[in-house]
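Sequential numbering of the sequence shown, starting at 1, is according to full-length UniProt numbering.
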Amino acid sequence: MVSIIIPSFNAAATIELAIISVLQQDNDDVEIVVIDGKSTDGTLTILDDISFRVNAGAFGNKLFRYVSETDKGIYDAMNKGIELSRGDWLFFLGADDILLPDFSVACNHLLLNNVVYYCNTFLNKHYRVYDGEFNKFKLSIENISHQTIFYPRSVFSHYKYDLSYKIVADYMLNLNLCMDKAFGFQYIPLVISVYNESGCSNHNLDVEFYDNKFNLIKRILGYKYAIFSSVFDYFHLKFNLICKKQQKKILR
1 MVSIIIPSFN
11 AAATIELAII
21 SVLQQDNDDV
31 EIVVIDGKST
41 DGTLTILDDI
51 SFRVNAGAFG
61 NKLFRYVSET
71 DKGIYDAMNK
81 GIELSRGDWL
91 FFLGADDILL
101 PDFSVACNHL
111 LLNNVVYYCN
121 TFLNKHYRVY
131 DGEFNKFKLS
141 IENISHQTIF
151 YPRSVFSHYK
161 YDLSYKIVAD
171 YMLNLNLCMD
181 KAFGFQYIPL
191 VISVYNESGC
201 SNHNLDVEFY
211 DNKFNLIKRI
221 LGYKYAIFSS
231 VFDYFHLKFN
241 LICKKQQKKI
251 LR
């Protein structure tokens, strides 16, 4: 069974669509666990309605449950979801993201319980697919989208999301897993989700992480990957600054 964990807080505008995209999957061996942070905008009414419909058998044998309590942020909610879920595989979906039909196809590839499987996602703001296989060089500059990753439960016998990182705890998890010989990564070339790009990680920087990124990459992946990451980040920043200047000239 795949447990799909959805952290939420005041997500009434989007969460129903996110959950329905899961409930409409062909794969019935799925449970949805929503970890809500005491929403006040009508989210709980939506969750109650969905719970009633699922329990009435409107969506086959799929399972649904939710809890609503105060938490310490998204990664605290995700850690709670890990503890409450019962599936052999764990998948994390944003309350404003949706799953695509190929999610169910990807589930057929989940064969080894010491492998982290990952796919592709569609970025709705940039209107492009975020895809491709990751190696250490690529992982040193950007993260695998968590809306595409199937973690075997065995991962979370050894790891939890580090709450000292407010935005990039999932990136830190993947960096550490990349170097853990007990686990491997395998790419499945399917687009399985739509990433809304409105979440906090898309608009904020985790200062603690980025202030220490060179040393963290050096410690986890190695010196050459830290150098590569720093050089890439430098030229990426320069390129973005040039693009912004050109845009201003065009708008004048």
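Here a beta-carbon is modelled for each residue, glycine too, at the ideal position from N, C-alpha and C.
Delimiting residues of the beta strand (DSSP E) encompassing residue i
i, result
"Tyr117", "Val115 to Leu123"
"Glu31", "Val30 to Asp36"
Residue i (DSSP reduced to helix, strand or coil)
i, result
"Phe9", "coil"
"Leu90", "strand"
"Ser68", "strand"
"Leu139", "helix"
"Gly132", "coil"
"Leu173", "helix"
"Ile98", "strand"
"Leu63", "strand"
"Val231", "helix"
"Leu110", "coil"
"Tyr167", "According to the sequence as given, residue 167 is Ile; it is not Tyr. Three-state DSSP puts Ile167 in coil, outside helix and strand."
"His126", "coil"
"Lys238", "helix"
"Lys218", "helix"
"His203", "Because the pLDDT of His203 is 45, which lies under 50, any placement of that residue in the model is unreliable, and the number read from its coordinates should be weighed accordingly. Coil, per DSSP."
"Ala226", "helix"
Residue range of the unbroken alpha helix (DSSP H) whose run includes residue i
i, result
"Val105", "Asp102 to Cys107"
"Ile144", "Careful: Ile144 lies outside any alpha helix (DSSP H) and carries neither H nor E."
"Phe156", "First-last for Phe156: undefined, no H or E at that position."
"Leu190", "Not the alpha helix (DSSP H): Leu190 falls in the beta strand (DSSP E), residues Gly184 to Tyr195."
"Met78", "Ile74 to Leu84"
"Thr45", "Thr43 to Asn55"
"Val22", "Ile15 to Leu23"
Neighbourhood of residue i by C-beta distance below 7 angstroms, restricted to the same chain and skipping five residues each side
i, result
"Asn79", "Lys160 and Tyr161"
"Gln25", "Leu99, Phe103 and Ser104"
"Ser154", "Asn113 and Asn114"
Own chain residues within Cβ distance below 6 angstroms of residue i, not counting five before or after
i, result
"residue 294", "In the structure as shown, the chain begins at 1 and stops at 252. Residue 294 is therefore absent and cannot be evaluated."
"Ala226", "Phe214, Ile217 and Lys218"
"Ile82", "Phe156"
"Phe185", "Val116"
"Ser21", "Ile98 and Leu99"
"Tyr74", "Sequence check: residue 74 is Ile here, not Tyr. Closer than 6 angstroms at Cβ, skipping near neighbours: Pro7."
"Asn27", "Ser104 and Cys107"
"His203", "Only weak support is given to the placement of His203: the predicted model assigns it a pLDDT of 45, under 50, and the question is left unresolved by the model."
With 16 other Cβ atoms within 10 Å as the buried cut-off, status of residue i
i, result
"Ile4", "buried"
"Asp36", "buried"
"Pro189", "exposed"
"Lys38", "exposed"
"Met179", "exposed"
"Thr70", "exposed"
"Glu133", "exposed"
"Pro101", "exposed"
"Asp41", "exposed"
"Asn55", "exposed"
"Lys62", "buried"
"Phe59", "buried"
"Phe64", "buried"
"Asp49", "exposed"
"Tyr234", "exposed"
"Phe122", "buried"
Neighbourhood of residue i by C-beta distance below 8 angstroms, restricted to the same chain and skipping five residues each side
i, result
"Ile15", "Ile6, Ser8, Val34, Thr43, Ile46, Leu47, Ala95 and Asp96"
"Asn176", "Tyr159 and Ile220"
"Lys72", "Leu163"
"Phe209", "Tyr165, Ile167, Val168, Tyr171, Met172 and Leu216"
Counterpart residues of residue i in DSSP-defined beta bridges
i, result
"Phe150", "Tyr117"
"Phe209", "DSSP, once it has assigned bridges, lists no residue as partnering Phe209."
"Val2", "Val30 and Trp89"
Cutoff 7 angstroms: residue i Cβ touching any chain D Cβ
i, result
"Ile50", "Of the chains in the structure shown, none is chain D; there is only one protein chain."
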